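Quick mapping for you: the protein sequence lines, in order, are chains A and B. Taking numbering that gives the first Met the number 0, the leading residue of the first sequence gets 0, the next gets one more, and so forth. Taking numbering that gives the first Met the number 0, the leading residue of the second sequence gets 0, the next gets one more, and so forth. To start, the structure itself, in structure tokens.
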Amino acid sequence: MKKSSNENPLWRFITSIKLAVFLLITLAITSIVGTLIPQGESLQSYLEHYGPTLFKIIRALHLNDMYHSWWYVSILGFFTLNLICCSIKRLPFTLALYRKDNLNIDPDKLFRMPFKARWEISSGLDDAKKEAIVKAFSKNAGGITGKRSLSDGTLYLSEKGKWSHWGLYGLHASIIIILIGAIIGIFYGFKGQVMLMEGGITNQAIDPQTGKPIPLGFSLKCNSFNISFYDNGAPKEYRSDLTVIDQGKEVLHKAIRVNSPMSYKGITIYQAYYQAVPRVTLKITTSNGHQKTFSLPTFKKINWPEAALSFGVLQYLPNVHGVPAARVWIDNGAGPAQAIWILKNRAREIKMGPNFYKFLLIDAQERYMTGLQIKKDPGVWVVWLGCTSLIIGFIIVFWVPHRKMWLWIGKNDGKDIVVVSGQSSKNRIQFEKDFRRIKQVLEQHVGERL
Amino acid sequence: MHKFLFQLAVFTYLLATAGFLVHIITLKKGVEKTATAFLAAGFCLHTASVVMRWIAAGHPPMVNLHESLSLFSWATVAAYLAFQWRLRVKALGAFVTPIATVIMAASSMQQKDILPLTPALKSIWLPIHASICLMADAVLLMAFCLAGMYLMQERQIKGKKLGAVFKRLPSLQTLDAMSGLCLKIGFPLLTLGIVTGSIWAEQAWGSYWSWDPKETWSLITWFVYAALLHQRLAVGWQGRRTAIMTIIGFIVLIFTFLGVSLLLPGAHTYSTWHE
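In structure tokens form, the structure reads like this:
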């Protein structure tokens, strides 16, 4: 590419390949940081782990979420700008290359091409022989694309892959298409989570970052959740049996697994995780004459006003000395709250203030909650389009050459001459082979050695 | 059976390595042919071992470190044999074969039991994504070897010691061109590996890109090779500087392949299962 001295220095800077390389290396080096510092954790955990000084740096440079930080996104933006400007700058050169009439060439120049051969036919060429040579050339070069008659002969051109000069633009545009897809996802999509008990139903997901609900526009019901295990105890399959209810009607019924999500109205539902939720049945007898049986999940505070008692299950273990056990938190307002372990079918009595309380764990059951990832991303197909054209772009840029082959049948100093020459924009090794073959074939037709 | 075939392949690769090393020292013509024959035989045994293991496991053997290293070695030998079948680059075998053998030895030292497939790995994208990535690694390993050979040869020429090493290695021009050829195959394969990984992540986790350390390092590798290709094709760099950058690129690539899983916190666990 030519350099013009009267170019705007800013334009020269922004369109330089050196800048592109510098930005690629900068992106490579800065990206490392986010793989060393865990991303997206709570601020408190960074303070604890890195201490106050490093914490300040992490906060100032957003290293806890660096790939979305102003400076990283700026580098990406600058890189994109550089890419676009480089393409604009290159455009006139490509256009000139594309528009160039390769038939409009002086036959004398053919012999300056990288690949060439020339025969002088002392015995002369008749029309039948000429025709045979042209035919052989056409067959082996892949068709004749142009022909020009000059005063002292005829020039034939076989040109292929002229369009491949545009591959580079396609390749670079693909990267911008991918970025556009990602931006569409950020602005018009969402990500949410849903936890559903078996039999549970919901019409909203929770934004994992803000904790705010996102309306789905339909309801999702979990009919059942199943886990299966291999013999060695490793998980084999997680399956949620789901029903979509839209405007009161069951419209879709599907079992989803990891790697096998379902989609409805542009929203995709993935099997993401699960949680075991124990449900404990407790019988409580108090010394002031109350008795009642409760069925409660973990972490739920239960108020029993008649007995002036609050309690809840803090922890559940399915197997302690062969029986289920629960750790129960109790508060009756008289003195500090207490937490005790009780085992199934073994009553335990404690004294709190003036009263005694007897706890009996009658039963405990583990039920499952399925964890679903909910996603809407209208940009994802744009990203796939970009990825596809990126790969095609690579194939064109690296492997599709613009190849030109000329055949000149004319006269030089009264003698009949045949010149064949060629040029390829890339993949020289293959072209060399092809050219050698054509040369051999033409040699047979010309009937004379060089 | 697959374990026996694997051991046999290791042994045959060792013989091939010995052959290539003897050849590069003695330059006896027949030795290189024999070494190549051993390598091809080892490759057949290795292929059989992989197929048998696939059948025995009932899933693609690309899951643990033993299997990944074994297939990396397999892909390297495949790439070398294919490359040498079309373009004969002298002395390349003496560099690529020992590396393939070392990778194979490293593989044989890992836990070899077949473990059942976790839910996240049960996907058609496992064989597609893993094999494309391994092919990319193998082709870029060859670019690395050719760049290393380039630097060795260049030192000979600069030191004006046109002696034993100079005679044995190909010309600088050939080495540079062949290394560039490998980059032109390896880089699109690397890109395709990242793309297929994204498609899989989208299907399994609902996110085609989540800046997980493995993903991020694959992108870092991509940036390094992209910079290198711009230097080569647009700026017109040749020779020493591109050779050094090819070597750096490969080190980053290997870190992405092995280092991330082994060293970095919370790395690609092949599952987001929060259990």
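Glycine is no exception: its CB is placed at the ideal position from the N, C-alpha and C atoms. Here the structure is a predicted model, which is why all the values come from computation and not from measurement.
- For W53(B), the secondary structure class from DSSP, reduced to helix, strand or coil, is helix.
- Here R87(B) carries a coil assignment [DSSP, helix/strand/coil].
- Within the same chain, and ignoring the five residues on either side of F298(A) in sequence, the residues whose Cβ sits closer than 8 Å to its Cβ are G311, V312, L313.
- Under the 8 Å criterion on CB atoms, A56(B) is classed as non-interfacial with respect to chain A.
- Excluding sequence positions up to five before and after F42(B), its CB lies within less than 6 Å of the CB of V76, all in the same chain and listed in chain order.
- Chain A has no Cβ within less than 8 Å of the Cβ of L145(B).
- In this structure, the beta-carbon distance from H401(A) to H171(A) does not fall below 8 Å.
- The Cβ atoms of T255(B) and W204(B) do not sit closer than 8 Å to each other.
- Take the alpha-carbon of S48(B) and the one of A99(B): they are about 16 Å apart.
- Taken through DSSP and simplified to helix, strand or coil, L251(A) comes out as strand.
- Secondary structure of M194(A) (DSSP, three-state): strand.
- In terms of CA proximity to S107(B), A8(B) leads the group W221(B), A119(B), V194(B), A8(B).
- Contacts with chain B at 8 Å (Cβ-Cβ) do not include L82(A).
- Pairwise C-beta distances place the segment 255-273 of chain A in contact with the segment 227-245 of chain A, as three or more of them are shorter than 8 Å.
- Nearest in C-alpha terms to Y273(A), of all of N225(A), E249(A), S424(A), G265(A), is N225(A).
- Taking 7 Å as the upper bound on Cβ-Cβ separation, chain B lies near residues L23, I24, L26, A27, S30, I31, G33, T34, P37, Q38 of the segment 21-44 of chain A.
- Taking the CA atoms as reference points, V234(B) sits about 7 Å from I16(A).
- Annotation for I83(A): the continuous alpha helix (DSSP H) segment containing it runs 69-98.
- Scanning A336(A), A324(A), A363(A) for the CA closest to the CA of R347(A) turns up A324(A).
- Contact between G385(A) and Y187(A) fails: their C-beta atoms lie close to 16 Å from each other, not under 8 Å.
- Less than 8 Å separates the beta-carbon of L263(B) from that of T34(A).
- When Cβ-Cβ separations below 8 Å define contact, N411(A) makes no contact with chain B.
- Residue environment for A338(A): exposed (fewer than 16 other C-beta atoms within 10 angstroms of its C-beta).
- Considering only beta carbons, the part of the segment 387-409 of chain A lying closer than 8 Å to chain B consists of L389, I390, F393, I394, F397, W398, in chain order.
- The secondary-structure analysis by DSSP pairs S259(A) across a beta bridge with R256(A).
- Annotation: I361(A) to S69(B) spans about 55 Å, alpha carbon to alpha carbon.
- When secondary structure is reduced to three states using DSSP, W405(A) falls in the strand class.
- When only Cα atoms are considered, M103(B) and Q109(B) end up about 10 Å apart.
- Counting every other CB atom within 10 Å of its CB across the protein chains shown gives R435(A) a total below 16, marking it as exposed.
- Remark: C-beta atoms of P59(B) and A129(B) approach each other more closely than 8 Å.
- Under the Cβ distance rule, Q172(B) does not count among the residues neighbouring chain A, no pair being separated by less than 8 Å.
- The beta carbons of W221(B) and T190(B) sit about 7 Å from each other, so the pair counts as a contact at 8 Å.
- Bounds of any beta strand (DSSP E) do not take in N139(A); it lies within the alpha helix (DSSP H) bounded by 126-140.
- Linking S157(A) to I143(A) through their CA atoms gives a straight-line distance of about 5 Å.
- Relative to the Cα of I283(A), the nearest Cα in the group L53(A), T267(A), S223(A), N344(A) belongs to N344(A).
- Closest in alpha carbon position to H67(A), among V133(A), A181(A), L124(A), is A181(A).
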